[in-house]
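**Student:** Residue numbers (this note's numbering): 1 to 55.
Glycine included, every Cβ here is placed at the ideal spot set by N, Cα and C.
Can you keep this structure in mind? I'll have questions shortly.
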């Protein structure tokens, strides 16, 4: 599996991803990193929306 495609699937909300046995470890690490990036982006996005703006 192309690791960039795995990140696309994570961002699309796809949970099950089938890979060849020799690619399981690398794909698992890449999917976990993509999930962390997505979570971090969503938290940062929420923080920006909740900030008070002064005129």
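What residue from 24, 35, 44 and 20 has the CA that sits closest to residue 9's CA?
**Tutor:** As a first step, residue 9 is located in the chain shown; it is residue number 9 there, counting from the start. Ranking 24, 35, 44 and 20 by Cα distance to residue 9 puts 35 first.
**Student:** So, with DSSP's three-state summary, where would you put residue 15?
**Tutor:** The sequence position of residue 15 within the chain shown is 15, counting from 1. The answer is coil: DSSP assigns residue 15 none of H, G, I, E or B.
**Student:** Using CA atoms only, rank isn't needed, just tell me which of 22, 40 and 28 is closest to residue 5.
**Tutor:** Locating residue 5 in the chain shown gives position 5, where the first residue counts as 1. Among 22, 40 and 28, the Cα nearest to that of residue 5 is on 28.
**Student:** If you check the beta carbons only, do residue 11 and residue 38 fall under 8 Å apart?
**Tutor:** Indexing the chain shown from 1 puts residue 11 at position 11. Indexing the chain shown from 1 puts residue 38 at position 38. Yes, these two residues count as a Cβ contact at 8 Å.
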